[in-house]
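Enquirer: Questions regarding the structure given below will be posed in turn.
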Amino acid sequence: MSGLGGFMTSRRMEIAAQKGKKKPGLNDLLEEVERLHQRHAELNARIEKLNAAEEIDRDEVFERVLSGYRNELQALAAELAKKKAILERDLAAHEQERKKLAHDIRKTEELLKEAKIRHIAGEYDDARYQEIQEKYSAQLSTMKKRAASLEAIAKRLKAFKTMDVAAPPREEAPPAPVEKRTKRGEKPRVVMEDDEFVLDDEDLPEPPPPADLPDVTPPEDALVEQSVRQVKPVTPPPESDDKLDLDDDFDLERDDGWDDFGNPLTDVQEEEEEALSAEAKEGGSPDAVPMLMVNKGPNFGSKFPLTTGRITVGRSISNDIQVPDSEVSRKHAEIYYENGKYILRDLDSSNGTFLNGKITKEAVLKHNDEISFGGTTFIVMFPK
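Count along the sequence shown starting at 1, add 1, and that's the number in our numbering.
Here it is, written out as structure tokens:
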């Protein structure tokens, strides 16, 4: 029994000693990292001074001192790498605690606000309200202090990530940078970013010397060639040098006697509009394909064939049918073919999709249906 009793006493003392040990936290670890990094910077500076010194002979003594600095620097770099691995391992838990604490603070503040409202309404008496105030206000204060501490640690972690823990500097000079150039005759890369074309400046070809430049003056009104879409309008819209700014407000509707570009309609233009409307009502020629025709808005009279695939409609140029209308969403709606029928479906647009004057989420299309996206209206034309 004495042996067992001695063993238990020794074990209790060992457990008590382990409990007394304070596990190093992130602050302690960061302080150690900062100390190592400071020493790392000092050694780097000494090595650079020795490499730059011209009054010292590069003999065995010089190499021995320099080698000592380099060896210590390598050891420090390895130690810093270990510390960094530990920090990165604990970083996820640290960030998770920060997020949970922010959530708890917000919930506690809401609870205190709710208690105040119920107290004003008379549901909670003074005693009940004071009890809630004392309990949760103390918790809120503790959580905010902890959040401030975690925020300070986060800033130190960010600073640690910027520390240079690279290997000691090498004596040989780095190779000269090679400038990347595009071969003469090659076109610069074009990067599609949403609705804009952006030229990559790094790949632009080097301009020729002034003597090689041709003595030709380019035309002032040069037109930019637009990319061809999968679904091409049968009747192209009238060309215009005016660019439509989708971010500006503009009036899509015109008074009678005016076209969509603000020009007065001639008798010939009015006759063309009447003819297009009549064609839509009659269903087109016998050999026509199913299509949409713009009956109101920009590009009046343009036709878009309906394929058996999926056609998207919206303000963005990435759509199969682009509608240059500020009231139209970037991805507004789609038309798809299923079981021998064309189906119109709204894609959670801002202003909605209208079929024959009524807002719709999804509907089967019929001949002569009118589809409206913002201020632009299409007529469905099925062949006879």
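Note that the Cβ used here is the ideal one computed from N, Cα and C, for glycine as well.
Quick caveat, the model's predicted, so the values are computed rather than measured.
Taking the Cβ atom as the reference point for each residue, do Glu-328 and Asn-352 lie within a distance shorter than 8 Å?
Expert: Going by C-beta atoms, Glu-328 is nearer than 8 Å to Asn-352.
Enquirer: Can you tell me the Cα-Cα spacing of Lys-136 and Arg-40, whole angstroms?
Expert: Whole-angstrom Cα-Cα distance: 48 Å.
Enquirer: Here's a check: name, in chain order, each residue in its chain whose Cβ is nearer than 8 Å to the Cβ of Ala-148, leaving out the five neighbours to either side.
Expert: Hits under 8 Å: Arg-99, Leu-102, Ala-103, Ile-106.
Enquirer: Report the rounded CA-to-CA distance for Glu-330 versus Ile-118, giving the unit in angstroms.
Expert: Going by the sequence as given, residue 330 is Ser instead of Glu. Roughly 41 Å separates the two Cα atoms.
Enquirer: Looking at C-alpha atoms only, which residue of Tyr-70, Phe-63, His-38 is the closest neighbour of Arg-47?
Expert: Arg-47 has its Cα closest to that of Tyr-70, out of Tyr-70, Phe-63, His-38.
Enquirer: Does the region 368-382 come close enough to the region 295-309 to have 3 or more Cβ pairs within less than 8 Å?
Expert: With a cut-off of 8 Å, the region 295-309 and the region 368-382 count as touching, because enough Cβ pairs lie within range.
Enquirer: In the DSSP output, what is Val-329 paired with across the bridge?
Expert: None; Val-329 has no bridge partner.
Enquirer: Give the range of the beta strand (DSSP E) segment to which Tyr-125 is assigned.
Expert: Looking at the DSSP string, Tyr-125 is not in any beta strand (DSSP E), and its letter there is neither H nor E.
Enquirer: Where DSSP assigns a beta bridge to Leu-345, which residues make up the other side?
Expert: According to DSSP, which records beta bridges pairwise, Leu-345 is partnered with Ile-336, Ala-364.
Enquirer: Check whether the region 57-71 and the region 83-97 touch, using three or more Cβ-Cβ pairs below 8 Å as the test.
Expert: The region 57-71 vs the region 83-97: no contact.
Enquirer: List the whole-angstrom C-beta distance separating Asp-321 from Thr-313, where the pair is believed to meet the contact cut-off of C-beta under 8 Å.
Expert: The Cβ separation is near 5 Å, so the contact holds.
Enquirer: For Asn-357, which of Ser-350, His-368, Tyr-337, Pro-384 has the nearest alpha-carbon?
Expert: Comparing Cα-Cα distances from Asn-357 to each of Ser-350, His-368, Tyr-337, Pro-384, the minimum goes to His-368.
Enquirer: Terminal residues of the continuous beta strand (DSSP E) containing Pro-306?
Expert: From DSSP, the beta strand (DSSP E) with Pro-306 extends over 304-306.
Enquirer: With a CB to CB cut of under 6 Å and the five nearest residues on each side skipped, what residues in its chain are close to Phe-355?
Expert: So the qualifying residues of the chain are Ser-373.
Enquirer: Where does Glu-98 sit, in a helix, a strand or coil, going by DSSP?
Expert: Three-state result, Glu-98: helix.
Enquirer: Helix or strand or just coil, what does DSSP make of Ile-118?
Expert: Here Ile-118 sits in helix by DSSP.
Enquirer: Below 8 Å on the Cβ atoms is my contact criterion, and I expect Leu-37 with Glu-80 to pass it. Report the Cβ-Cβ distance as a whole number of Å.
Expert: Confirmed, Cβ separation roughly 6 Å.
Enquirer: For Lys-304, count neighbouring Cβ atoms within 10 angstroms of its own Cβ and tell me buried if that reaches 16, exposed if not.
Expert: Label assigned to Lys-304: buried.
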